[in-house]
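Engineer: Here it is, the structure in full.
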Amino acid sequence: MIDDWVGHHHSRPHSPLSHVPAALKLGVAIAIIVITVLVPGTRVSWFVGASIFLALVVLISRLPLLFLLKRLALLSPFVLGVALLNALQPVAGASWWNVAVRSAICLLTVILVSNTTPFSSILRVLKFAHVPSLLVTTLALMHRYLFVLTDEAERMRRARASRTFTRQHGARWRTLATVVSQLFIRGSERAERIYDAMCARGWK
Amino acid sequence: MNTALEITNLRYRYHDGTEALRGVTFRVAPGECVGLLGPNGSGKSTVLLHLNGLLPDKPGLDGTVRIFGQSVTPESIETIRHQVGLLFQDPDDQLFCPTVEEDVAFGPQQLGLEDAVVETRVRRALAQVGLADYGSRATHHLSHGEKRRACLAGVLACEPLVLALDEPTSDLDPRGRREFKALLRRIDATKIIATHDLELVAELCSRAIVLDHGLVVADGPVLTLLNDEQLMLAHDLERPHILRHHHPHSDDSA
Amino acid sequence: MHIPDGFIDGKTAVTAAALAAAGVGLALRQVRKKLPPRRVPLLGLAAAFLFAAQMVNFPVAGGTSGHLVGGVLIAALLGPGAAIVVLTTVLIVQCFLFADGGVLALGANIFNMAILGAAGGYALYRLVCHWLPGPRGQVTAIVFASWCSTVVASISCAGQLAWSGTVAWPAAFAAMASVHMLIGIGEGLISALVFIAIQRVRPDLASEMNAASQPRPLKEFVRYGLLAVLGLAVFVAPFACGWPDGLDAAAAKLGFDRKALQPVVSAPAPDYRVPGFHWPAGSTAVAGAAGALVVFGLALALGRTLVPEKEANTARGSSSHD
Numbered sequence: 001m002i003d004d005w006v007g008h009h010h011s012r013p014h015s016p017l018s019h020v021p022a023a024l025k026l027g028v029a030i031a032i033i034v035i036t037v038l039v040p041g042t043r044v045s046w047f048v049g050a051s052i053f054l055a056l057v058v059l060i061s062r063l064p065l066l067f068l069l070k071r072l073a074l075l076s077p078f079v080l081g082v083a084l085l086n087a088l089q090p091v092a093g094a095s096w097w098n099v100a101v102r103s104a105i106c107l108l109t110v111i112l113v114s115n116t117t118p119f120s121s122i123l124r125v126l127k128f129a130h131v132p133s134l135l136v137t138t139l140a141l142m143h144r145y146l147f148v149l150t151d152e153a154e155r156m157r158r159a160r161a162s163r164t165f166t167r168q169h170g171a172r173w174r175t176l177a178t179v180v181s182q183l184f185i186r187g188s189e190r191a192e193r194i195y196d197a198m199c200a201r202g203w204k
Numbered sequence: 001m002n003t004a005l006e007i008t009n010l011r012y013r014y015h016d017g018t019e020a021l022r023g024v025t026f027r028v029a030p031g032e033c034v035g036l037l038g039p040n041g042s043g044k045s046t047v048l049l050h051l052n053g054l055l056p057d058k059p060g061l062d063g064t065v066r067i068f069g070q071s072v073t074p075e076s077i078e079t080i081r082h083q084v085g086l087l088f089q090d091p092d093d094q095l096f097c098p099t100v101e102e103d104v105a106f107g108p109q110q111l112g113l114e115d116a117v118v119e120t121r122v123r124r125a126l127a128q129v130g131l132a133d134y135g136s137r138a139t140h141h142l143s144h145g146e147k148r149r150a151c152l153a154g155v156l157a158c159e160p161l162v163l164a165l166d167e168p169t170s171d172l173d174p175r176g177r178r179e180f181k182a183l184l185r186r187i188d189a190t191k192i193i194a195t196h197d198l199e200l201v202a203e204l205c206s207r208a209i210v211l212d213h214g215l216v217v218a219d220g221p222v223l224t225l226l227n228d229e230q231l232m233l234a235h236d237l238e239r240p241h242i243l244r245h246h247h248p249h250s251d252d253s254a
Numbered sequence: 001m002h003i004p005d006g007f008i009d010g011k012t013a014v015t016a017a018a019l020a021a022a023g024v025g026l027a028l029r030q031v032r033k034k035l036p037p038r039r040v041p042l043l044g045l046a047a048a049f050l051f052a053a054q055m056v057n058f059p060v061a062g063g064t065s066g067h068l069v070g071g072v073l074i075a076a077l078l079g080p081g082a083a084i085v086v087l088t089t090v091l092i093v094q095c096f097l098f099a100d101g102g103v104l105a106l107g108a109n110i111f112n113m114a115i116l117g118a119a120g121g122y123a124l125y126r127l128v129c130h131w132l133p134g135p136r137g138q139v140t141a142i143v144f145a146s147w148c149s150t151v152v153a154s155i156s157c158a159g160q161l162a163w164s165g166t167v168a169w170p171a172a173f174a175a176m177a178s179v180h181m182l183i184g185i186g187e188g189l190i191s192a193l194v195f196i197a198i199q200r201v202r203p204d205l206a207s208e209m210n211a212a213s214q215p216r217p218l219k220e221f222v223r224y225g226l227l228a229v230l231g232l233a234v235f236v237a238p239f240a241c242g243w244p245d246g247l248d249a250a251a252a253k254l255g256f257d258r259k260a261l262q263p264v265v266s267a268p269a270p271d272y273r274v275p276g277f278h279w280p281a282g283s284t285a286v287a288g289a290a291g292a293l294v295v296f297g298l299a300l301a302l303g304r305t306l307v308p309e310k311e312a313n314t315a316r317g318s319s320s321h322d
């Protein structure tokens, strides 16, 4: 699943949307999401209008349709769950398809923004919006080392697999726990080296 | 002799008890390029970290480090860090900002320079390492060689007088290595390079220092040391290939 | 448990966001005051670690697999304030980068997983550690606190869904709580194994970080605890206590303007009491307590099996700070 998510970030298609300022994209996206969540279910016109707008944006964005559908499909367990629970016990006001439409519009909006806007621009918007600097720094570092650590986890997984010859549940849990703990230890050691590197360039 | 950096009887013990340095002494003249050689665990990286005052001042530390006459103490640390640029072994540790531009700007921003000045420095540093068009690229999408050069740009943007490099050519492919060597040759700063890449030392440095078990075991002109087969073998090093085709007395302008 | 957008309505999202913002604000202030500068990069790396660790799948019976969520683990390693910051960071990145969890639901997700899950879980962890000192007690505490935090977070999530009128409370509660009572066992076990493995290799890591948040944990707990209780009171109590008109009563008690809330609030109320699905408060509490007791017994047993006798005795002195 991570490959589905991360993979596309390496080959983001260039589109006219990449040049729209990040703040504008985020603003519009949040407006769409807020209205979609708040608008009463009977206002069909808004849902239709938003869907048409998003469809146009999809066309401009040049994102592969299959990727978008796959990503939207990940929502289905939630929608099915709600549908199932509501079948057992109907609630007035919110029917499952209503929830499905709302959440699909919101999700598509976020996917479109996140795939046409580099995360660093989002960070710049957050900084500009006076989000506490400690949080922005932590976000920046997490994003920077996300891929370094996931790669490390993947390498450890492969190295482990190449020397795993039996399938014992208990033993596997232990080795997996060792892998995760190694990940944490390496991460914290790297954090110390990063601190050194920051200090070396005059960080206070 | 006018000295850029001077280390006197430096001792250091890590918190786990390992004695990394057991009394290291040497000095480097301004503009000199010195290779720091020695097997793994001989204390090369520890020496470099001391140049920048990065190892905590505590009971395990003894001796002095002076940069242009000023000794490295907690009080002088800020000035020292402006003067000494340190290139770390793992470029991923050093490139901690989301984009190349931001990372190169990090140092100058910490110096409290104006935005316009920071921008010129960033542009100049990126051009110097041949990454002029890479400013907006995400740091984690760079190739290994590009990461290395971006790190160097980040250090150069601080305009250091002394450049300390830790294994600058490890993990580089031959072309990356060649390009990086050419790049280093063009930089005027005093350079001290800790490395296993003896060819790099033979080509760039005029002088080499061999460390082993936390002590300086040899200090002298590069070619003399590298051609001393016995010295090299005694400290788990070997004569670089390129020297085998030369004779020490022939013209070695490399 | 990442609630997507569209599943909770405006008032729930705003209430949860306010609680989350207060909690994160507190945590940021605490971290800025107490965390040594050396450790600042660790927050980002710990967040990246949690994300990467979630890729490692642990096999569960029947071909399914589970993964670490890690709130209590991170809190036990880094302290509660840092854990809130780390989990919030993870949730923000998951939301904006991977569209996992909604933007408007971000507050609710942060409240459930960071405030309730990490800080609440940590309070419980410290409590159990206090009763059962030594490494075995630590393991028991991690298992039990992880389980409880998973279950409580899921119940809060069910409450938010019910308050939004997306799903009726009895169904939401039954589904979320029962599933997470199972998931929680896995979470507790993974967290304990990972914690033990870290302690073995770098015992200094956890103790050093916790030393930073040692002296006055009580005051912090009161603040986070107040937020957690307030949130549960808004999201869960009205339903769980079986008040005839739970939401309106809660709204009145909390001093909300009844009139303003009426149109949105009254929708789910008439329907949530469907015969046969209505759990009286008493039996819910009994079932919950029984479940917690069973898990606590399991946690005790795990503490005994996972930490060998020798280690339990030798390490007792050194880990006395817990």
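Protein chains in written order, with this note's numbering: chain Z, 1 to 204; chain B, 1 to 254; chain D, 1 to 322.
A virtual CB, placed ideally from N, CA and C, is assigned to each residue, including glycine.
No experiment lies behind these values; they were computed from the predicted model shown.
Between the alpha carbons of serine 162 of chain Z and valine 295 of chain D, how many angstroms are there, rounded?
Structural biologist: When rounded, the distance between both Cα atoms is 36 Å.
Engineer: Would you call the stretch 35-44 of chain B and the stretch 122-133 of chain B touching, i.e. three or more CB-CB distances under 8 Å?
Structural biologist: Verdict: no, contact absent.
Engineer: Below 8 Å CB to CB, which residues in the same chain sit around aspartate 188 of chain B once its five sequence neighbours on both sides are set aside?
Structural biologist: Hits under 8 Å: Gly31.
Engineer: Between alanine 377 of chain D and alanine 158 of chain D, is the Cβ-Cβ spacing less than 7 Å?
Structural biologist: Look at the range of chain D in this structure, 1 to 322, and you will see that residue 377 of chain D is not part of it.
Engineer: What residue range is occupied by the uninterrupted beta strand (DSSP E) comprising glycine 35 of chain B?
Structural biologist: Start and end: 33-37.
Engineer: Taking isoleucine 198 of chain D as the query, report the chain Z residues whose CB atoms sit under 8 Å from its CB, ordered along the chain.
Structural biologist: Correct list: Ser181, Phe184 and Ile185.
Engineer: List the residues of chain Z whose Cβ lies closer than 9 Å to the Cβ of alanine 150 of chain B, in chain order.
Structural biologist: Here the premise fails: no neighbours, minimum Cβ distance about 13 Å.
Engineer: Based on the DSSP secondary-structure assignment, which residues constitute the bridge partners of serine 170 of chain B?
Structural biologist: According to DSSP, which records beta bridges pairwise, serine 170 of chain B is partnered with nothing at all.
Engineer: Could you tell me whether any Cβ in chain B is nearer than 7 Å to the Cβ of tryptophan 203 of chain Z?
Structural biologist: By this cut-off, tryptophan 203 of chain Z is an interface position.
Engineer: Please state if the CB of proline 80 of chain D and the CB of tyrosine 125 of chain D are separated by a distance shorter than 7 Å.
Structural biologist: Cβ atoms of tyrosine 125 of chain D and proline 80 of chain D: not closer than 7 Å.
Engineer: Any contact of the stretch 111-126 of chain Z with the stretch 11-29 of chain D, i.e. 3+ C-beta pairs under 8 Å?
Structural biologist: Result no; under three Cβ-Cβ pairs closer than 8 Å.
Engineer: From the beta carbon of alanine 233 of chain D, is the nearest beta carbon of chain Z less than 7 Å away?
Structural biologist: Closer than 7 Å: no.
Engineer: Contact check, histidine 2 of chain D vs glutamine 94 of chain D under 8 Å by CB: the rounded distance?
Structural biologist: Histidine 2 of chain D to glutamine 94 of chain D, Cβ: 7 Å. Contact.
Engineer: Grab the span of the alpha helix (DSSP H) containing phenylalanine 26 of chain B for me, first residue to last.
Structural biologist: Unbroken run through phenylalanine 26 of chain B is the beta strand (DSSP E), 19-28; no alpha helix (DSSP H).
Engineer: In whole angstroms, what separates the C-alpha of alanine 150 of chain B from that of valine 104 of chain B?
Structural biologist: Their backbone Cα atoms lie some 7 Å apart in a straight line.
Engineer: From the DSSP output, which residues share a beta bridge with tyrosine 12 of chain B?
Structural biologist: In DSSP, tyrosine 12 of chain B forms a bridge with B/Leu21.
Engineer: Determine the direct distance from the alpha carbon of lysine 181 of chain B to that of leucine 75 of chain Z, and round the result to whole angstroms.
Structural biologist: One C-alpha to the other measures close to 52 Å.
Engineer: Helix, strand or coil, according to DSSP, for glycine 53 of chain B in the structure here?
Structural biologist: Residue state, collapsed to three classes: coil.
Engineer: Do the CB positions of valine 180 of chain Z and valine 31 of chain D come within less than 7 Å of each other?
Structural biologist: In this structure, valine 31 of chain D does not lie closer than 7 Å to valine 180 of chain Z by Cβ.
Engineer: Measuring alpha carbon to alpha carbon, tell me which residue in Z/Leu141, Z/Thr36 and Z/Leu84 is nearest serine 51 of chain Z.
Structural biologist: The shortest C-alpha separation from serine 51 of chain Z is found at Z/Thr36.
Engineer: For alanine 105 of chain D, which of helix, strand or coil comes out of DSSP?
Structural biologist: Here alanine 105 of chain D sits in coil by DSSP.
Engineer: Let me see if you follow: with CB-CB separation under 7 Å, is aspartate 262 of chain B close to chain Z or not?
Structural biologist: Any property of residue 262 of chain B remains undetermined from this structure, which presents chain B solely from 1 to 254.
Engineer: Measuring only between beta-carbons, confirm whether alanine 83 of chain Z sits less than 7 Å from chain D.
Structural biologist: No, alanine 83 of chain Z does not count as interfacial toward chain D.
Engineer: Give the straight-line distance between the Cα atoms of glutamate 101 of chain B and arginine 124 of chain Z, rounded to the nearest whole angstrom.
Structural biologist: In a straight line, the C-alpha of glutamate 101 of chain B is about 13 Å away from that of arginine 124 of chain Z.
Engineer: Using a Cβ-Cβ cut-off of less than 7 Å, give me the residues of the stretch 147-168 of chain D that come near chain Z, in sequence order.
Structural biologist: Taking 7 Å as the Cβ-Cβ cut-off against chain Z, the residues of the stretch 147-168 of chain D that qualify are Gly165, Thr166, Val167 and Ala168.
Engineer: Name the one or two DSSP bridge partners that glycine 85 of chain B has.
Structural biologist: BP columns for glycine 85 of chain B point to B/Leu163.
Engineer: List, in order along the chain, the chain D residues whose C-beta lies closer than 7 Å to that of threonine 138 of chain Z?
Structural biologist: Result: Leu43, Gly44, Ala47, Val85 and Thr89.
Engineer: So which residues of chain Z does cysteine 205 of chain B contact, with C-beta pairs closer than 7 Å?
Structural biologist: The contacting residues do not exist; cysteine 205 of chain B stays about 22 Å from chain Z at best.
Engineer: What residue range does the alpha helix (DSSP H) around leucine 113 of chain B cover?
Structural biologist: First-last for leucine 113 of chain B: undefined, no H or E at that position.
Engineer: Is there at least one Cβ from chain B nearer than 7 Å to aspartate 196 of chain Z's Cβ?
Structural biologist: Output row for aspartate 196 of chain Z: interface = yes.
Engineer: Alpha carbons only, please: which of Z/Val99, Z/Thr109, Z/Asn86 and Z/Ile105 is nearest the one belonging to leucine 97 of chain D?
Structural biologist: The option with the nearest alpha carbon to leucine 97 of chain D is Z/Thr109.
Engineer: According to DSSP, is glycine 41 of chain Z helix, strand or coil?
Structural biologist: Residue state, collapsed to three classes: coil.
Engineer: Between D/Pro133, D/Arg38 and D/Gly23, which has its C-alpha nearest phenylalanine 221 of chain D's C-alpha?
Structural biologist: Out of D/Pro133, D/Arg38 and D/Gly23, D/Gly23 has the C-alpha closest to the C-alpha of phenylalanine 221 of chain D.
Engineer: Measuring only the C-alpha atoms, how far is methionine 55 of chain D from leucine 68 of chain D?
Structural biologist: Distance between the alpha carbons of methionine 55 of chain D and leucine 68 of chain D: 9 Å.
Engineer: Does arginine 81 of chain B get closer than 7 Å to chain Z when you measure Cβ to Cβ?
Structural biologist: Interface residue, yes.
Engineer: Leaving out five residues on either side along the sequence, give the residues of the same chain with a beta carbon under 8 Å from the beta carbon of glutamate 78 of chain B.
Structural biologist: Counting only Cβ-Cβ distances below 8 Å, and skipping sequence neighbours, we find nothing.
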